[in-house]
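Undergrad: Under the UniProt record's numbering, the letters of the sequence shown match residues 1 to 194, in that order. Just so it is clear, CB atoms sit at the ideal spot from N, CA and C, and this is done for glycine as well. The structure follows.
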Amino acid sequence: MRNTALLPWRPRTAAISLSASRLAVGCGSCPTTRAPPARSFLTITRWMPKAACTLGVACMAGDLELIHTPHAAAPGGHYSQAVRHQDTLYVSGQLPIRADGSHSVDEPFEVQTAIALDNLLAIITAAECSIEDLIKVTVYVAGVKHWPAFDRIYASYLGLHRPARAVVPVPELHHGYLIEIEALVRVPKTAPCA
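The structure is reproduced here in structure tokens:
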């Protein structure tokens, strides 16, 4: 069920000084992350209608559809779990945070991987897609030493499907997690358009 009722809107322009970003406390999920210092003046023009959105369903913002499911970790900052544009679903990086919000940072890499993949699958399922619709998966791992374990678990989730993939070793991830997974997904022609 989708809620696509649009609120009244009008194009508007708002001038925002980036010096206001100095007042930012953090990124939403980490109060210690400071905003970079301001270096210029930015004008933002809003051309998309505002949209009404109900928890667990998609909402519309122009030709973008924001996807949210309570079966995956809620966003920890100012972003959506996924955004659909035309026939492509862009899934935000999924950390191994459980759907109930509990953290798994002290769990072994294998457990963190399963939680992150479960989040990814819950989001693509909410968008009426499946594993076979995955186009590209980008995986950030804290150290290349985790690559073999990740590949084994990933293969058990995806079976015979082999989308394009990049595994990117990084020195560290937010909150000390060991893995983060993002994806591009094809939206099947049979999925209802919003």
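#1: Could you check the C-alpha separation between Tyr-90 and Ser-102 for me, to the nearest Å?
#2: Work out the CA separation of Val-137 and Ala-164 for me, nearest whole Å.
#3: If we ignore side chains and look at the alpha-carbon of each, how far apart do Arg-84 and Pro-148 end up?
#4: Starting from Ala-164, follow its DSSP beta bridges and name the residues at the other end.
#5: Between which two residues does the beta strand (DSSP E) carrying Tyr-79 extend?
#6: Short of 8 Å in beta carbon distance, which residues of its chain neighbour Glu-110, apart from the five on each side in sequence? Order them along the chain.
#7: Should His-68 be labelled buried (16 or more other beta-carbon atoms within 10 Å of its own) or exposed?
#8: Looking at the structure shown, is Leu-178 part of a helix, part of a strand, or coil, going by DSSP?
#9: Rounded to the nearest angstrom, what separates Ile-135 and Asp-87 at their Cα positions?
#10: For Thr-88, report the span of its alpha helix (DSSP H) as first-last.
#11: Hey, how far is the Cα of Pro-75 from the Cα of Gln-81?
#12: Among Glu-180, Leu-64 and Leu-95, whose alpha-carbon lies nearest the alpha-carbon of Pro-169?
#13: Between the Cα of Asp-106 and the Cα atoms of Ser-92, Leu-117, Thr-113 and Tyr-177, which residue gives the shortest distance?
#14: Measuring alpha carbon to alpha carbon, tell me which of His-71, Asp-63, Val-185 and Leu-66 ends up nearest Cys-129.
#15: Out of Leu-66, Ala-122 and Glu-132, which one is the CA nearest neighbour of Pro-188?
#16: Buried or exposed: which applies to Pro-96, given that a residue is buried once 16 or more other Cβ atoms fall within 10 Å of its Cβ?
TA: Well, looking at it:
#1: 24 Å
#2: 6 Å
#3: 31 Å
#4: Lys-136
#5: Taken as a continuous stretch (DSSP letters only), Tyr-79 belongs to no beta strand (DSSP E), as it is neither H nor E.
#6: Ala-149 and Ile-153
#7: buried
#8: coil
#9: 12 Å
#10: Here Thr-88 belongs to no alpha helix (DSSP H); instead the beta strand (DSSP E) covers 88-94.
#11: 6 Å
#12: Glu-180
#13: Tyr-177
#14: Val-185
#15: Glu-132
#16: buried
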